[in-house]
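Student: Here it is, the structure in full.
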Ligand code: PHE
Ligand code: FE
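Numbering (the UniProt record's numbering), first residue to last: 1 to 294.
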């Protein structure tokens, strides 16, 4: 076990401790042949699917990180590249962390990665994040300086939102969902993926970029913070940024008054088009299940 870290953050309330706990050592020697084979198959499949679909920053970072296709990477190897590029490092965790720990790690530029990988029966879907989602989906973009700063700012924002109540946390979670997990970016060659939930899914990688079913709407911070999302199906709507700088700048202001203002407004359903939306593609809604939004 790595000893628990205790850091401090300066806020308007003074020095506030960041408890970034839940860390284990990656039990690399315990991965079996099946674990490495699952990694290898998922990696090879996404390498093909993401050509021409993932954003340039992701593809460039994949090349720079030189993740091993044949075997599950050691986090300590990846950390050499990450720390040099943006000061981030990976920490191994058992699974989803309590909010305070998750935000605390991000604020300390530590990305928690689930150490275990799915079974061969779960190649296409599992309900909780595993190593493939966390590592393949989230880690490459931490090599990008602007995105890396966005993730750290998000962690600090999360710690602050914890003192502001459930409404603030729900709004912040929607922002994470529609950017970090399911974001699209508009490049010179069209729509590309940067959200990790898409990048780690072969089916949603194709769907998010090519399907006629979902809405695709220009990024709008306040609109996103009012928008419900889907947890048991592909998204009904995606929000499209022009650059990571746009994302970083739009989320730089103090959210405290924004949370308060938005809390009084009703939320938008996941598949809804709102007045004032910059509609890039209006979805057909084909195949949408009748389960409720989250
Ligand atoms: N600027 C936000 C705040 O003051 C924090 C934040 C940064 C939230 C980046 C999301 C992303 O709360
Ligand atoms: Fe994720």
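We put the beta carbon where it would ideally sit given N, CA and C, even for glycine.
Can you tell me where the alpha helix (DSSP H) holding residue 231 begins and where it ends?
Tutor: Element bounds for residue 231: n/a, residue is neither H nor E.
Student: Please work out which residues of its chain come closer than 7 Å, Cβ to Cβ, to residue 262, disregarding the five sequence neighbours upstream and downstream, and give them in chain order.
Tutor: Hits under 7 Å: 171, 222, 225 and 226.
Student: Within 7 Å of any Cβ in chain B, is that where the Cβ of residue 230 sits?
Tutor: As a matter of chain content, chain B is missing from the structure shown, which is built from one protein chain.
Student: Quick check on this structure: which residue in 78, 136 and 59 has the alpha carbon closest to the alpha carbon of residue 40?
Tutor: 136
Student: Less than 7 Å between the C-beta atoms of residue 148 and residue 86, yes or no?
Tutor: yes
Student: Would a C-beta distance cut-off of 7 Å place residue 22 and residue 101 closer than the cut-off?
Tutor: yes
Student: Within 10 Å of its beta-carbon, does residue 114 have 16 or more other beta-carbons around it, so buried, or fewer, so exposed?
Tutor: buried
Student: Spell out the partners DSSP gives residue 238 in its beta bridges.
Tutor: 216
Student: Am I right that residue 239 and residue 217 are in contact with their C-beta atoms under 8 Å? What's the rounded C-beta distance?
Tutor: 5 Å
Student: Under 7 Å between the Cβ atoms of residue 289 and residue 233?
Tutor: Yes.
Student: Provide the residue span of the beta strand (DSSP E) that contains residue 89, from first to last.
Tutor: 89–93
Student: What first and last residue would you give for the alpha helix (DSSP H) that runs through residue 111?
Tutor: That residue, residue 111, is in no alpha helix (DSSP H); its beta strand (DSSP E) goes 110–114.
Student: What are the boundary residues of the beta strand (DSSP E) that residue 187 is part of?
Tutor: Unbroken beta strand (DSSP E) run through residue 187: 184–187.
Student: Buried or exposed for residue 194, please, with buried defined as at least 16 other CB atoms from any protein chain shown within 10 angstroms of its CB.
Tutor: buried
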